[in-house]
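Notes to accompany the following structure.
Protein chains in written order, with my numbering: chain B, 6 to 321; chain E, 632 to 984; chain C, 485 to 758.
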């Protein structure tokens with residue numbers, strides 16, 4: 006069979022779209038610019054514009070008597086962050102963020118390890134969905150569910166009573182700094198809710214890091230005479246550090262900025278987020294709220310610098 | 632004869648790297664032209680410059696007399712068979728092949744008829760309804776070929792199209808491509824790093840090295856009369872001898888090439904007149920240090936007195952088992968005709984022909 | 485549940501138990517929400533539930549405040565998703581192949597709204613709106629949601645771009661298609677499911693968002709804000725439970741959908757399949 010080879014003239018192509026295509030082809034930088042302009046405008050003008058406005062307002066003066074803001078630049082708000090009352094809030098939030106990150110890592114590790122090493126095919130997919138669903142599922146409903154669980158006469162109390170654990174629970178609740186009058190008004194309860202909500206954000210990065218670890222490495226370790234626990238401590242744990250660090254970015258940052266969970270569960274006492282919320286809302290002191298917003302930004306920047314050294318960014 | 636593609640002083644620079652450096656080539660209409668070279672030598676960039684995926688940093692590219700610099704790929708009358716085939720995964724085979732006609736506004740019935748025709752040309756009639764994922768590697772390769780031919784280009788570009796196939800299939804496709812090119816009479820420009828492939832299929836071959844062309848010639852001349860040390864060593868196997876030894880043998884300081892199969896091996900003790908070659912021949916002695924039996928031929932590695940090593944290939948063209956005359960460690964003498972030595976340039980004299 | 489993965493033998497029962505217990509921990513509160521939505525009791529959250537009823541669904545759907553919040557949240561999520569699809573796709577198309585100055589900075593910028601705590605984004609937007617004299621309302625909520633949804637779409641689309649061999653685009657142009665035809669016939673069909681998946685995730689994220697919304701909502705009340713407000717009204721618990729379950733479903737179903745849309749992604753690879 007033969008193709009007749011009369012050459013065809015190139016298509017006429019005079020449509021505006023065709024001419025635009027030609028132009029963009031000849032000018033790839035113009036094409037790139039056209040693609041980038043809308044997102045850059047949106048993020049540059051709206052997002053960064055807002056951030057700068059906020060930071061600028063952190064330098065404005067708030068008059069306590071008239072309860073008004075004047076655009077007179079001052080460092081007083083930033084200095085006020087170090088007043089003992091405010092400083093306490095920052096430490097309380099920071100302590101919770103660190104505790105939640107640590108606990109999440111401990112809880113996440115066995116799940117991630119099991120997923121990465123001992124599941125294949127359908128089971129792996131099942132685990133993956135089972136972790137991903139609670140991760141993305143409604144935050145506010147998850148928080149709400151815990152208020153139901155921890156409430157007086159709620160599920161947690163029922164279980165405690167069924168298993169006769171009430172004295173043990175009371176013992177824990179009596180520990181100062183951890184406990185509280187009931188589970189739902191204790192630091193422990195708040196901590197539990199935080200760990201629950203951010204745990205999936207820790208599981209998936211660890212799992213991904215462990216998944217990348219070739220089985221031959223473990224065999225090599227065993228082959229060289231390491232016992233299983235030695236392999237775990239010497240090989241698996243160090244290689245999963247980037248995953249843990251990546252996951253902790255989420256647990257740390259999300260806990261640091263949260264103000265819904267502290268409002269719903271746990272004893273009174275502000276978190277950074279609640280302080281920001283109250284300052285700008287009820288009090289109307291936007292400069293102080295802006296100054297408080299700086300705290301999580303700075304803490305997270307420091308934290309990112311630390312975990313970057315642990316290889317967290319390669320594991321994201 | 633008109634020129635299908637003409638490069639004049641073409642360069643393509645990526646940052647600091649000169650991928651193509653002042654290349655000039657004339658490719659004749661209807662020619663099977665290969666671009667041969669190691670990876671990173673600039674051959675694929677040249678092909679992409681013809682297709683329009685890259686634009687030159689300097690120089691002129693004419694396709695059938697028309698200046699192509701600045702034209703988009705869709706404004707050029709050339710089509711490409713991609714190394715990874717680049718079949719559209721969301722379309723079936725027929726739609727893949729008909730795509731070029733569809734975007735030109737050819738009506739559905741005509742483009743399907745012509746796509747079927749093109750599929751039949753590559754012996755894939757009846758495969759139209761399948762998805763690319765359901766085909767074998769060889770079949771995908773044919774679909775890619777049919778898709779590139781359906782637009783009836785005057786120049787077909789092939790970017791290592793056989794690289795992903797296994798040896799048997801590759802040899803079969805080499806024959807078919809050559810046949811197809813003769814049958815269609817269009818220009819094929821074929822990029823490969825496989826010198827056997829280039830030699831066996833092409834009318835002419837351009838050998839690329841570091842962005843420049845070392846030599847453009849017929850396969851026979853490329854092998855028999857390599858112009859540079861690079862060509863001598865890249866196309867086939869060659870002994871490139873240089874330095875004092877070269878001067879001693881040729882009376883000329885230039886390095887020279889001698890093919891292993893053009894050398895005869897003589898046992899030193901059997902020489903009728905030691906140290907004395909017959910007229911029109913030269914000879915050197917050395918220590919035989921390795922023998923490789925390769926079936927049709929046997930290869931001997933000889934260490935010369937000056938430290939250079941010499942490969943010698945002797946055809947096993949006697950059906951009878953001849954005496955295995957040589958042992959490693961033996962002193963041997965190698966002889967060859969003066970005329971078989973080809974003087975080489977160390978660097979290409981200049982791009983183009 | 486057997487573990488026949490490469491030569492590692494079986495997991496110790498302790499590990500297996502820990503893993504499955506972890507999953508149970510993650511799902512138990514969600515199950516509780518589903519359970520309580522059908523609880524007959526009307527004033528408390530006592531456990532175990534006393535009976536099964538569908539009554540609270542009809543009560544919930546008869547309430548104007550619930551319906552208004554649902555409508556508002558749906559509108560916001562739809563518009564924010566559309567904006568995010570547009571901006572995220574453009575950003576992915578610009579960033580996936582070419583290297584240029586500031587590329588790293590742009591990708592960091594896209595991630596920032598979800599990397600920084602929601603309060604930062606929320607209060608920053610609020611202060612800017614106040615400075616500009618824009619009254620917080622549906623418009624400002626949409627702006628906030630779209631900002632942090634862009635990165636979700638961007639991640640999905642750029643992942644698909646990276647899995648799609650660039651030679652497909654070159655092949656299309658080589659065969660005579662101009663930029664627009666290549667986009668229409670090759671790029672869009674290949675991106676399709678990634679766009680859908682990214683859109684669904686963005687929708688779920690927007691539908692459920694509360695922290696940024698708290699700052700930008702003004703007097704509007706999205707469904708999550710309605711839920712939060714309900715928590716101080718114990719008498720409304722059964723209705724709250726029903727709405728909580730619906731919000732849960734509205735976020736979980738798109739996520740499942742997105743998962744199934746993107747999981748077969750390997751077959752979009754370059755050389756026409758695997």
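By construction, the Cβ of each residue, glycine as well, lies at the ideal position given by its N, Cα and C atoms.
Practice task
Starting from residue 698 of chain E, follow its DSSP beta bridges and name the residues at the other end.
Solution key: As a working mapping, residue 698 of chain E is identified with position 67 in the second chain. DSSP, once it has assigned bridges, lists E:693 as partnering residue 698 of chain E.
Handout entry: Segments assigned beta strand (DSSP E), at least 3 residues, entirely inside the stretch 257-303 of chain B
Key = none
Handout entry: Simplified DSSP state of residue 666 of chain E, which is helix, strand or coil
Key = If you number the second chain from 1, residue 666 of chain E lands on position 35. Note: residue 666 of chain E maps to strand in three-state DSSP.
Exercise for the section: Would you mind reading off the limits of the alpha helix (DSSP H) that contains residue 674 of chain C? Expected result: The residue given as residue 674 of chain C occupies position 190 in the third chain. First-last of the alpha helix (DSSP H) with residue 674 of chain C: 672-692.
Handout entry: Residue ranges of each alpha helix (DSSP H) within the stretch 188-222 of chain B, 4 or longer
Key = 192-216
Problem - Residues of the stretch 144-163 of chain B with Cβ closer than 7 Å to any Cβ of chain C, in chain order - result: 144, 145, 146, 147, 149, 150, 151, 152, 153, 154, 156, 158, 159, 160, 163
Exercise for the section: From the DSSP output, read off the bridge partner residues of residue 895 of chain E. Expected result: Along the second chain, read from residue 1 onward, the residue named residue 895 of chain E stands at position 264. DSSP output for residue 895 of chain E lists E:966 as bridge partner(s).
Exercise for the section: List the residues that DSSP assigns as beta-bridge partners of residue 549 of chain C. Expected result: In the third chain, residue 549 of chain C corresponds to position 65, counting from 1. In the DSSP output, where bridge partners are listed per residue, residue 549 of chain C has none listed.
Handout entry: Neighbouring residues, chain C, relative to residue 723 of chain E (Cβ below 8 Å)
Key = To locate residue 723 of chain E, count along the second chain from 1; it is residue 92. Within chain C, not a single residue places a beta-carbon under 8 Å from that of residue 723 of chain E; the smallest gap is close to 11 Å.
Practice task
Please confirm if residue 263 of chain B has its CB atom under 9 Å from at least one CB of chain C.
Solution key: Translated into positions along the first chain, residue 263 of chain B becomes position 258. Yes, because at least one Cβ of chain C sits closer than 9 Å to the Cβ of residue 263 of chain B.
Problem - Per-residue DSSP class, three states only, for residue 976 of chain E - result: Here residue 976 of chain E refers to the residue found at position 345 of the second chain. Residue 976 of chain E falls in the strand class under three-state DSSP.
Exercise for the section: Less than 8 Å between the CB atoms is what I'm expecting for residue 687 of chain E and residue 641 of chain E, so what's the real figure, rounded? Expected result: Indexing the second chain from 1 puts residue 687 of chain E at position 56. Indexing the second chain from 1 puts residue 641 of chain E at position 10. Contact flag correct, Cβ pair sits at about 5 Å.
Handout entry: Under 8 Å from the C-beta of residue 27 of chain B: neighbouring residues of chain E
Key = Counted from its first residue, the first chain places residue 27 of chain B at position 22. Within chain E, the residues near residue 27 of chain B are 703, 706.
Problem - Where residue 943 of chain E falls: helix, strand or coil (DSSP) - result: In the second chain, the residue the question calls residue 943 of chain E occupies position 312. Here residue 943 of chain E sits in strand by DSSP.
Exercise for the section: Note down, in chain order, every chain E residue with its Cβ under 9 Å from the Cβ of residue 36 of chain B. Expected result: As a working mapping, residue 36 of chain B is identified with position 31 in the first chain. Within chain E, no residue comes near residue 36 of chain B; the closest Cβ sits about 12 Å away, beyond 9 Å.
Exercise for the section: Starting from residue 864 of chain E, trace the alpha helix (DSSP H) both ways and give me its first and last residue. Expected result: Translated into the one-based positions of the second chain, residue 864 of chain E becomes position 233. Its alpha helix (DSSP H) spans residues 860-865.
Handout entry: Alpha-carbon to alpha-carbon, residue 115 of chain B and residue 504 of chain C
Key = Mapped onto the third chain, residue 504 of chain C falls at position 20. Mapped onto the first chain, residue 115 of chain B falls at position 110. For residue 504 of chain C and residue 115 of chain B, the distance between alpha carbons rounds to 10 Å.
Practice task
Give a yes or no on whether the minimum CB-CB distance between residue 302 of chain B and chain C is below 9 Å.
Solution key: The sequence position of residue 302 of chain B within the first chain is 297, counting from 1. Judged by the 9 Å Cβ criterion, residue 302 of chain B is in contact with chain C.
Handout entry: Through-space distance from residue 218 of chain B to residue 82 of chain B, alpha-carbon basis
Key = The count along the first chain starts at 1 and reaches residue 82 of chain B at position 77. The count along the first chain starts at 1 and reaches residue 218 of chain B at position 213. C-alpha separation (whole angstroms): 48 Å.
Exercise for the section: With DSSP as the reference, label residue 924 of chain E as helix, strand or coil. Expected result: For the purposes of this step, residue 924 of chain E is identified with residue 293 of the second chain, where counting begins at 1. The answer is strand: DSSP assigns residue 924 of chain E an E or B state.
Handout entry: Below-9 Å beta-carbon distance, residue 654 of chain C vs any chain F residue
Key = In summary, chain F is missing from the structure at hand, where the protein chains are B, E and C.
Handout entry: residue 893 of chain E vs residue 674 of chain E beta-carbon contact at 9 Å
Key = Working through the second chain from its first residue, we reach residue 893 of chain E at position 262. Working through the second chain from its first residue, we reach residue 674 of chain E at position 43. No.
Exercise for the section: Determine the DSSP secondary structure at residue 588 of chain C, reduced to helix, strand or coil. Expected result: Residue mapping note: residue 588 of chain C aligns to position 104 of the third chain, counting from 1. Three-state result, residue 588 of chain C: helix.
Exercise for the section: Compare the C-beta of residue 123 of chain B against all C-beta atoms of chain E and say whether one is closer than 9 Å. Expected result: Residue 123 of chain B sits at position 118 when you count from the first residue of the first chain. No, no contact with chain E.
Handout entry: Under 9 Å between C-beta atoms of residue 708 of chain E and residue 792 of chain E
Key = Sequence index remark: in the second chain, residue 708 of chain E carries index 77 (1-based). Sequence index remark: in the second chain, residue 792 of chain E carries index 161 (1-based). No, the pair does not count as a contact, with Cβ atoms beyond the cut-off.
Practice task
Report the neighbours of residue 674 of chain C on chain E: residues whose CB is nearer than 7 Å to its CB, in chain order.
Solution key: Indexing the third chain from 1 puts residue 674 of chain C at position 190. Neighbours of residue 674 of chain C on chain E, chain order: 721.
Practice task
State the DSSP-derived secondary structure class of residue 718 of chain C, mapped to helix, strand or coil.
Solution key: Here the question's residue 718 of chain C lines up with position 234 in the third chain. Here residue 718 of chain C sits in helix by DSSP.
Exercise for the section: Please report how far the alpha carbon of residue 330 of chain B lies from the alpha carbon of residue 616 of chain C, in whole angstroms. Expected result: No answer is possible for residue 330 of chain B: it lies beyond the span of chain B, which begins at 6 and ends at 321.
Handout entry: Residue range of the unbroken beta strand (DSSP E) whose run includes residue 640 of chain E
Key = For the purposes of this step, residue 640 of chain E is taken as the residue at position 9 of the second chain. Here the beta strand (DSSP E) through residue 640 of chain E covers 634-645.
Handout entry: Nonlocal neighbours in the same chain, by C-beta distance under 7 Å from residue 690 of chain C, ignoring five residues either side
Key = By one-based count along the third chain, residue 690 of chain C stands at place 206. Excluding positions up to five away in sequence, the list reads 560, 561, 564, 565, 629, 633.
Handout entry: Residue-level contact to chain C via CB, residue 222 of chain B, 9 Å cutoff
Key = Taking the first chain and counting its residues from 1, one reaches residue 222 of chain B at position 217. No - not a single Cβ of chain C is within 9 Å of the one on residue 222 of chain B.
Handout entry: Among C:693, C:495, C:644, the one whose alpha carbon lies nearest that of residue 581 of chain C
Key = Taking the third chain and counting its residues from 1, the one referred to as residue 581 of chain C is at position 97. Taking only the C-alpha atoms, the option nearest residue 581 of chain C is C:644.
Practice task
Could you work out which residue in B:299, B:80, B:268, B:79 is closest to residue 149 of chain B when comparing CA atoms only?
Solution key: The residue you call residue 149 of chain B lines up with position 144 of the first chain. Of the candidates B:299, B:80, B:268, B:79, the one whose C-alpha sits nearest the C-alpha of residue 149 of chain B is B:268.
Handout entry: the stretch 530-546 of chain C touching the stretch 711-725 of chain C, judged by at least three CB pairs closer than 8 Å
Key = As far as the Cβ criterion goes, the stretch 530-546 of chain C touches the stretch 711-725 of chain C, which means the pair count is three or higher.
Problem - As assigned by DSSP and simplified to three states, the class of residue 987 of chain E - result: Lying outside 632 to 984, the shown extent of chain E, residue 987 of chain E is not represented and no answer is given.
Exercise for the section: Could you tell me which residues DSSP puts in a beta bridge with residue 883 of chain E? Expected result: Residue 883 of chain E sits at position 252 when you count from the first residue of the second chain. Bridge partners of residue 883 of chain E: none, in fact.
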